[in-house]
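Only one structure is covered here, and it is reproduced in the block below.
4 protein chains.
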Amino acid sequence: MGLVKVGVLGATGSVGQRFTLLLDSHPDFELYALGASARSAGKPYKDAVTWKQTNLMPEFAKNIPVEQCTPEGRFAECEIVFSGLDSDVAGDIETAFAAAGKIVVSNASNFRRAADVPLIVPIVNPEHMSVVEKRVQEAKKEGKPRPGFIVCISNCSTAGLVAPLKPLVDAFGPIDALTTTTLQAISGAGFSPGVSGIDILDNIVPYIGGEEEKIEWETRKILGGVSADGNGFALIPEDEMKVSAQCNRVPVSDGHTECISFRFASRPAPSVDQIKATLAEYQCEAFKLGCHSAPKQTIHVLEETNRPQPRLDRDRDAGYGVSVGRVREDPVLDFKMVVLSHNTVIGAAGAGVLIAEILKAKNVLN
Amino acid sequence: MGLVKVGVLGATGSVGQRFTLLLDSHPDFELYALGASARSAGKPYKDAVTWKQTNLMPEFAKNIPVEQCTPEGRFAECEIVFSGLDSDVAGDIETAFAAAGKIVVSNASNFRRAADVPLIVPIVNPEHMSVVEKRVQEAKKEGKPRPGFIVCISNCSTAGLVAPLKPLVDAFGPIDALTTTTLQAISGAGFSPGVSGIDILDNIVPYIGGEEEKIEWETRKILGGVSADGNGFALIPEDEMKVSAQCNRVPVSDGHTECISFRFASRPAPSVDQIKATLAEYQCEAFKLGCHSAPKQTIHVLEETNRPQPRLDRDRDAGYGVSVGRVREDPVLDFKMVVLSHNTVIGAAGAGVLIAEILKAKNVLN
Amino acid sequence: MGLVKVGVLGATGSVGQRFTLLLDSHPDFELYALGASARSAGKPYKDAVTWKQTNLMPEFAKNIPVEQCTPEGRFAECEIVFSGLDSDVAGDIETAFAAAGKIVVSNASNFRRAADVPLIVPIVNPEHMSVVEKRVQEAKKEGKPRPGFIVCISNCSTAGLVAPLKPLVDAFGPIDALTTTTLQAISGAGFSPGVSGIDILDNIVPYIGGEEEKIEWETRKILGGVSADGNGFALIPEDEMKVSAQCNRVPVSDGHTECISFRFASRPAPSVDQIKATLAEYQCEAFKLGCHSAPKQTIHVLEETNRPQPRLDRDRDAGYGVSVGRVREDPVLDFKMVVLSHNTVIGAAGAGVLIAEILKAKNVLN
Amino acid sequence: MGLVKVGVLGATGSVGQRFTLLLDSHPDFELYALGASARSAGKPYKDAVTWKQTNLMPEFAKNIPVEQCTPEGRFAECEIVFSGLDSDVAGDIETAFAAAGKIVVSNASNFRRAADVPLIVPIVNPEHMSVVEKRVQEAKKEGKPRPGFIVCISNCSTAGLVAPLKPLVDAFGPIDALTTTTLQAISGAGFSPGVSGIDILDNIVPYIGGEEEKIEWETRKILGGVSADGNGFALIPEDEMKVSAQCNRVPVSDGHTECISFRFASRPAPSVDQIKATLAEYQCEAFKLGCHSAPKQTIHVLEETNRPQPRLDRDRDAGYGVSVGRVREDPVLDFKMVVLSHNTVIGAAGAGVLIAEILKAKNVLN
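Protein chains in written order, with the UniProt record's numbering: chain C, 1 to 366; chain V, 1 to 366; chain Y, 1 to 366; chain G, 1 to 366.
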């Protein structure tokens, strides 16, 4: 009892399967509805899905009947839906759920740039959710039911990039130039079709469609503040923070590595030791709120010269912690360092679950 | 007849094996002497070596008796020696060979920073060899025998970096800021022990000992000119060209990928189209000299959005050509692009053979 | 002049691309027609294809207009067509081409079991083509035009299995029990979609749909003889040669490894040395006929304990040679050994080209 | 309190690190002593070891002082030592510990063939430990202290092979012919040097030194019984159970896949369904004894056509469970199937810990 009923949209896909795993025995949520395409509707989940996770399909999910993605049936009873939908269908479906009063936590990119939709990395900028909290408070005051709304999960490589930058900006002021070269795992591409084996074995693909633009834009929204009226977001202007991304797909299953460098707007710049100390001391608000999935250590600062490495470090704090290594001065900008984040946890489904936990902790739910 | 006798130092190692392959049926050179440690000396090559190349061991090499690395025995008859020695032994041995009048073309890093030793990427800066040519001419004038000397092959990732930059600097003037993030193949690490399988499978290692320093320093020597007196090299000062490298080992067998970005000192910067045209039109001097191994097309400018890729592009021009793709403007510096070079060809043994071909074409040999 | 005009069906697919590469500058054949689906028809080849080979697209092919797969247009002028069609469309198309008098050399599996269609591994059983030669001779005698016919290329792992067995059966009599466990490369699965990267990275898939049945059946046709009347094939009965296959997909790009064991029907069995000598001495008929692509050494018997290995041995004789290693006694059957064959050369497109060369050498063409 | 003090020999190596991980917070054992070579002795563990596990080094272990491998110092207080020593040093050291009254659970191969040493796969033949229990009981009766003894862990691929065979032999009688072709992970080779990356990327190595002989011999000891006098083991004679192994190293990090086939001595053979049911119902004695690490489900019978797969199935029951798939009739022997086992858990260190748990559960300890 006391569990909030939730649903998953796009439940048979790669992201949907991970939502299902993460919601197994969750202390706050009961996964109650699973949505997929008309072709799957009506089947028990275990027959509708081609399960591809390293963890076995949770028992509880096996016999949940898959439904179409409309805010009816079992979805009518859910307060939150997690969306793993592809962006070609996510727009209409997510809009319909929000209109029906549901909280939609979406991994799709459709609404990330919407002026009133928070774009959230839960270990970084949960304060952006004040924009929807405000709408909820206003409705309450007026005696209206809690309105539906959408919260977007950031792009996976954006998440890894902004995680260490946020505490640094808080401590040392704005960053005016930022570069990242990513080495991204293949799990992020899903599996229908995802990245072909023959394309990635003994190979690098130095391009991921749309990824560089996402990183360069989302970073400016996430590291920016809430607008003065509290109703939207104050993007950092392009000329105040120049961001440049170069994205590569590499033969790694999980875990995005990013080689980043950055320059602070203010002089003098802090020292390497100050950078490291600030990162190590950072404690995300979700942890302070007692959220179940929040990492105990938000950012792990590794001192070994050859870390972080995806295979060794991606699972820290169950994938919710971010690892940073090789912090050092950069001859071109101020500092360079290597960041590793788990692309399917803090960079996708895992972020969604933690966002929902934060909403619950902040009493935004009914 | 007419073939120049040459030898290989460190012939049983990874680089030495590649020299042996490249010298099979070479139109200019006869591989006559093979040197290794005392443990191998006396054995026919086929018994002394653990052959690990995808091409079979050349027939001609199988029964050459391996000798110790001294300028005696079969080495006494060689005019050129290619050195694949490890740097812990290369110093003394290469010095001894040069003192004995041999031309030493070395893949070791020991003498790369020496004031009178050319550091050569043969498709980039063969004009640096004028420093040794001058010494040879002076000796000839004085009726002395051609003196021995050392020429160094650059570090493998330096080679890929400077190849496209040279024609750009020639066309558009100095570069004052340059960054590269490398994704380096494992073949460059040799195989005793090289990179362990368990360390690199489904993994990235974001560190290669000494590599970043080599790139940052060697680039300033190679892109700099010959000193005014013609006896040495005019390094570009650190503050005139800031270079920053971040090096990663990736699960790729051959072919280093580099994501680079750079800024010209002069304004206005050229256009992307000018950059591409300049790269495509560049013809290295070695090709003009008719050198056997020189690439017909020095730099392949690829227009496909997702190229170059190591598995598809590393063997262009037998590994002597460099591929460049994704040339585009960079929000932080001026331009960014992806460069792929074959680390064991233009980045190591192959460069050595082409250097020797240039020396022959320029009549520096006896 | 003197070149036989040929076409490729399914020219934009994985197998079709390899046919195109193999026919570049071929001494016997001129690739004149390229067929694909209606969607591609009308475009020059370079615009219709997503080229995925490590060798660059041959210049000659770039501007050949792609046509639909009917025996008209440029195909009307071709005597031979190589089919890389998927089996869901190959049946009707290949039948139409044969009916139009074309020689169809097919990589599809549709007609492999047809009673009058030779199933050929060109280094193994070219004598099976006597069945079509006979039809050609009879037509000639009757003053009729050469009839069209179909010749099938075997399944890729069947090719590697039967290559060493044929000379052994010729020398030592029938094999009555045979097992193979395959470790198959991913290139054999094509690339639309082929094997997904996330399915094969750090993984093994112990199943390839239909593959085990193909090996178990095709081996009995290929190692069997021509029927007494010369019009068909005498399959070895299942109870005279028991064949058991276990097939695995492994993270290897090219080259199928097979761990095989077998027992001869006659006693005493030969010695290991006799086995090796027989394999090493075997010279395929295609080589004796002087065919361009025939391997000089049909079977390479490797003595190193840890060979053959795909990366080191798959390209022997340009992929037309098969490597055998670790020949030793087997406690359960008589012998066990490891066989490596190049799945896209002798196991697919390459076999097709060599089959056509044999037909030409035997004067079966017009 | 109540915890049995234990030590690890060879604690800085690959197997030793895994023992250390498995003993973190163990309910029965306190890891108290860590032994390594003289070079490491005296240092705290965290400084002596190059940690290469995906799990972080346990806090408790970091400051344990590493000692030399003699039954003195902290080892004097330990009742059990787990040995991850290399076989070139394991012989003398393990003998010395046993002579000093210690129970040695060893992953080395030195004593596996010793007539009085149990060779144990803990989910298969714990009853073999009755041979040492008997010696312990006799000493107790005579009022003597419990004697030291050695128990050997089997070879990793032997473990996966015998796990499903044991319940089948128990149910359907002896197996008289057995073949296995293994696809073995690289973690089993350790990391100094282990398998080189360049040797295994895009490659298969069809040979593992000594492995085939180990499988062929160990299987006959493990599936045999205890000798009539209870003091040793009754090996199955070679001609009563013919075993043939073909071993391959594949680019997989963890998890050995084996394609096995086997024939029962008795006719008629059981059905495929009977085989599956017997495997699924099998419950290992360790689980019945309540051992902490014992798998709840000893053998997972998978019905999906393409399972088991290492990446998806290796971690079942924390690596202590074995997965079996594709059970089907075999044209040559009776049945064939695919077995997957975790080579570093049930095939190495994990087996050692479970063996010790069984000894405790059976009151063999002091």
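The C-beta atom is built at its ideal place from N, Cα and C for all residues, glycine as well.
Under a 10 Å Cβ-count criterion, V:Glu79 is classified as buried, with 16 or more other Cβ atoms of the shown protein chains found around its own Cβ.
With a 10 Å radius around the Cβ and a threshold of 16 neighbouring Cβ atoms, G:Ser271 comes out exposed. Here Y:Pro164 is not near Y:Val345, since their CB atoms are 9 Å or more apart. Where C:Asp176 is concerned, the enclosing beta strand (DSSP E) starts and stops at Ile175 to Gln184. Secondary structure of V:Ser109 (DSSP, three-state): coil. Within the region 326-346 of chain Y, not one residue has a Cβ closer than 8 Å to any Cβ of chain V. Among the bridge pairs identified by DSSP, V:Ala38 is matched with none. When DSSP states are grouped into helix, strand and coil, V:Met241 belongs to the coil group.
For the region 23-54 of chain V, the set of residues with a beta-carbon nearer than 7 Å to any beta-carbon of chain Y comprises Thr54, in chain order.
Residue environment: C:Asp313 is assigned as buried (16 or more neighbouring CB atoms within 10 Å of its CB, all protein chains considered). Here the alpha carbon of V:Asp86 sits roughly 26 Å from the alpha carbon of G:Gly190. Taking C-alpha positions only, Y:Cys152 is separated from G:Asn248 by approximately 32 Å.
With respect to chain C, the C-beta atom of G:Arg311 has a partner C-beta closer than 9 Å. Excluding five sequence positions before and after C:Gly188, the CB atoms of its chain that fall closer than 6 Å to its own CB belong to Cys156 and Asn343, given in chain order. The beta-carbon distance between V:Ser293 and V:Gly350, rounded to whole angstroms, is 7 Å. This is short enough to meet the 8 Å contact definition. For V:Gly91, the uninterrupted alpha helix (DSSP H) segment begins and ends at Ser87 to Ala99. G:Leu178 and G:Met129 do not touch by the CB rule: their CB atoms are close to 24 Å apart, not below 8 Å.
The beta carbons of Y:Phe82 and Y:Leu119 sit no closer together than 9 Å.
With the criterion set as a beta carbon lying under 7 Å from some beta carbon of chain C, the members of the region 190-207 of chain V are Asp202, Asn203, Ile204, Val205, Pro206 and Tyr207, in sequence order.
Note that the region 36-44 of chain C touches the region 9-21 of chain C; at least 3 beta-carbon pairs, one per stretch, sit closer than 8 Å. Taking C-beta atoms as the reference points, V:Ala269 and V:Asp176 fail to come closer than 9 Å. Per the DSSP secondary-structure output, Y:Asn248 pairs in a beta bridge with Y:Leu183. Straight through space, the alpha carbons of C:Pro71 and C:Asn363 are spaced by roughly 23 Å. Among the residues of chain V, those whose CB is under 9 Å from the CB of Y:Asp315 are Thr54 and Asn55, following chain order. With contacts defined by Cβ atoms closer than 9 Å, C:His256 and C:Ala185 form a contacting pair. Per the coordinates, the alpha-carbon of V:Ala139 lies some 22 Å from the alpha-carbon of V:Lys5. Residue state for C:Pro167 is assigned as helix, using DSSP reduced to three classes. Scanning the region 206-291 of chain Y from its first residue to its last, the whole alpha helix (DSSP H) runs of 4-plus residues come out as 211-222, 272-281 and 285-288. Per DSSP, the unbroken beta strand (DSSP E) holding G:Ile299 starts and ends at Ile299 to Leu302.
C-alpha of V:Ile123 to C-alpha of V:Thr305: approximately 26 Å in a straight line.
C-alpha of Y:Ile103 to C-alpha of Y:Ala48: approximately 25 Å in a straight line. With its beta carbon less than 9 Å from one in chain Y, C:Pro251 belongs to the interface. For Y:Ser14, the uninterrupted alpha helix (DSSP H) run begins and ends at Ser14 to Leu22, by DSSP. If you check the CB distance, Y:Lys52 and C:Asp254 do not come in under 9 Å.
Excluding residues up to 5 positions away in sequence, Val272, Phe335 and Lys336 lie with their Cβ nearer than 8 Å to the Cβ of G:Glu329 in the same chain. Proximity of Y:Glu238 to chain G, defined by a Cβ-Cβ separation below 9 Å, is satisfied.
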